[in-house]
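Peer 1:
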Ligand code: F6P
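Dropping the structure here:
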């Protein structure tokens, strides 16, 4: 991983007078602490900060406001994003990105901080390729971005899911049921696998591994026959939806299960909520680093957490790259006897 050296000071510390910041894509708890850190670090270094509302749409619509004072107080403990967010279709075409670049110039924005997931930082990379000084901050509960061990929002979402599964386990135990719990993760099984570990689930179904449905069905049957035990299966939405998965299990078994099988789709309750200490710290660290980087003429890069330290990594090394589950996480799940399928190449 390329890490950038932030030791050199810019010749003119006030060369970048106005910074813009936006949040884009799915909201993630910790975006507000990141916005706050961006603004405070910018003020501390003599810059103005313009908040761009509603993601990239705000650039096209000129929907911007100067950040400061009351707008920035009482927000560190709030989920979501005070700037609001969107998935902006106008950023999907080269002409749209050219226009966004022009608009940023017209708005007098000298440097931009983009807080969002892979799609949002792809837009940031395109702007930086067109000469706009940009630093990205990874924020997505899915934790699907290469180049950083954690993105903003993952820890809060994982804690929320863990608490919800713990509650479902009470009913599963009391009624000897099997619960299939669908969690978010469009292309990533991180939330499903790590919450399966922290909740002591029996099975995790994740997009990165081939799901051996026959084995799941056999094991469920045996568990129920032997001990009438309850079971928890955590399913990442990126594999399929819960109804489809239950249909596949019933088709594999060839008949209905003796045990009652129920599903719970957690949905957007996973994405909101008060950011945890970890997400407040990560948001604050990434926000501060993004501005420090821009002021030292770093651009075309993303903040990253690696081995406990924050660094900047080049967009070219991370955008569009697949993030694989860490080998030690796979080993941990295996040794804790969670069945999460087989490597896809098998
Ligand atoms: O990318 C984050 C995420 O929460 C995914 O886990 C989920 O598939 C998607 O966003 C849902 O997006 P939306 O709220 O736009 O339907």
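In this note's numbering, the protein residues as written are 1288 to 1633.
Yeah, the Cβ is synthetic: ideal placement off N, Cα and C, and Gly gets one too.
Since the model is a prediction, treat every value here as computed from it, not as a measurement.
1) Quick one: what's got a C-beta closer than 7 Å to residue 1334's C-beta in the same chain, skipping five residues either side?
2) Assign residue 1376 to buried or exposed, taking buried as 16 or more other Cβ atoms, counted over all protein chains shown, within 10 Å of its Cβ.
3) Given this structure, state the Cα-to-Cα distance separating residue 1527 from residue 1474, to the nearest angstrom.
4) May I ask you to report which of helix, strand or coil DSSP gives residue 1403?
5) Going by the C-beta, is residue 1432 closer than 8 Å to any heavy atom of the ligand F6P?
6) Please report the residue range of the alpha helix (DSSP H) in which residue 1556 lies.
7) Are the CB atoms of residue 1472 and residue 1562 within a distance shorter than 9 Å?
8) Jot down the residue ranges of each uninterrupted beta strand (DSSP E) in the region 1518 to 1556, minimum 3 residues, whole runs only, in chain order.
9) If you reduce the DSSP assignment to three classes, tell me which class residue 1495 lands in.
10) Which of the three DSSP states, helix, strand or coil, is assigned to residue 1431?
11) Who are the near neighbours of residue 1270 in its chain, counting only those whose CB is closer than 8 Å to its CB and skipping five residues on each side?
12) Spell out a yes or no on whether the region 1571 to 1584 and the region 1403 to 1413 are touching, meaning 3 or more CB-CB pairs, one atom from each, closer than 8 Å.
13) According to DSSP, is residue 1367 helix, strand or coil?
14) In whole angstroms, give me the CA-to-CA distance for residue 1552 and residue 1468.
15) Is it the case that the Cβ atoms of residue 1586 and residue 1419 are separated by a distance below 9 Å?
16) Return the Cβ separation of residue 1574 and residue 1424 in integer angstroms, given the expectation that the two are a contact with Cβ distance under 8 Å.
17) Tell me the residue span of the beta strand (DSSP E) that contains residue 1468.
18) Taking only three categories from DSSP, how would you classify residue 1627?
19) On the DSSP bridge list, what partners appear for residue 1339?
20) Across which residues does DSSP place residue 1310 in a beta bridge pair?
21) Just verifying my parser: in three-state terms, what is the DSSP assignment at residue 1437?
22) What are the boundary residues of the beta strand (DSSP E) that includes residue 1589?
23) If I'm right that residue 1315 touches residue 1485 with Cβ under 8 Å, what's the distance once you round it to whole angstroms?
24) Might you give, ordered along the chain, the residues of its own chain that have their beta carbon closer than 8 Å to the beta carbon of residue 1494, omitting 5 neighbours on each side?
25) Smallest Cα separation from residue 1394: which of 1443, 1336, 1627?
26) Keeping to the same chain, check which residues put their C-beta closer than 6 Å to that of residue 1576; ignore five residues upstream and five downstream.
27) Hey, would you say residue 1320 sits closer than 9 Å to residue 1566, going by beta carbons?
28) What's the C-alpha gap between residue 1454 and residue 1381?
29) Among 1372, 1499, 1513, 1361, which one has its Cα closest to the Cα of residue 1631?
Peer 2: Taking the geometry as given:
1) Hits under 7 Å: 1303, 1304, 1305, 1306.
2) Counting C-beta atoms within 10 angstroms of its own C-beta, residue 1376 has fewer than 16 neighbours from the protein chains shown and is therefore classed as exposed.
3) Going by the C-alpha atoms only, they are around 11 Å apart.
4) Note: residue 1403 maps to strand in three-state DSSP.
5) Checking the Cβ of residue 1432 against the ligand F6P gives no.
6) Note, residue 1556: premise wrong, no alpha helix (DSSP H); not H, not E.
7) Taking 9 Å as the Cβ cut-off, residue 1562 and residue 1472 do not qualify as a contacting pair.
8) Positions of the beta strand (DSSP E) runs, each at least 3 residues long and wholly inside the region 1518 to 1556, are given as 1518 to 1523, 1548 to 1552 in order along the chain.
9) Residue 1495 falls in the coil class under three-state DSSP.
10) Reduced to three states, the DSSP call for residue 1431 is coil.
11) Because the chain spans 1288 through 1633 in this model, residue 1270 falls outside it and cannot be assessed.
12) Contact annotation: the region 1571 to 1584 does not touch the region 1403 to 1413, with fewer than three C-beta pairs closer than 8 Å.
13) Reduced to three states, the DSSP call for residue 1367 is coil.
14) Residue 1552 and residue 1468: Cα-Cα distance of roughly 6 Å.
15) Contact check for residue 1586 against residue 1419 passes: the beta carbons are separated by less than 9 Å.
16) Their Cβ separation, rounded to whole angstroms, is 7 Å, which keeps residue 1574 and residue 1424 in contact under 8 Å.
17) Per DSSP, residue 1468 belongs to the beta strand (DSSP E) from 1465 to 1470.
18) Reduced to three states, the DSSP call for residue 1627 is coil.
19) Answer is 1351, bridged to residue 1339.
20) Its beta-bridge partners are 1402.
21) Under the three-state reduction of DSSP output, residue 1437 falls in the coil class, being neither helix nor strand.
22) For residue 1589, the enclosing beta strand (DSSP E) begins and ends at 1588 to 1593.
23) So it is not a contact: roughly 19 Å between Cβ atoms.
24) 1472, 1474, 1475, 1476, 1523, 1525, 1526.
25) Proximity to residue 1394 across 1443, 1336, 1627 peaks at 1336, based on C-alpha coordinates.
26) Cβ neighbours of residue 1576 beyond the five flanking positions: 1590, 1597.
27) For residue 1320 and residue 1566, yes; Cβs fall inside 9 Å.
28) In a straight line, the C-alpha of residue 1454 is about 48 Å away from that of residue 1381.
29) Ranking 1372, 1499, 1513, 1361 by Cα distance to residue 1631 puts 1499 first.
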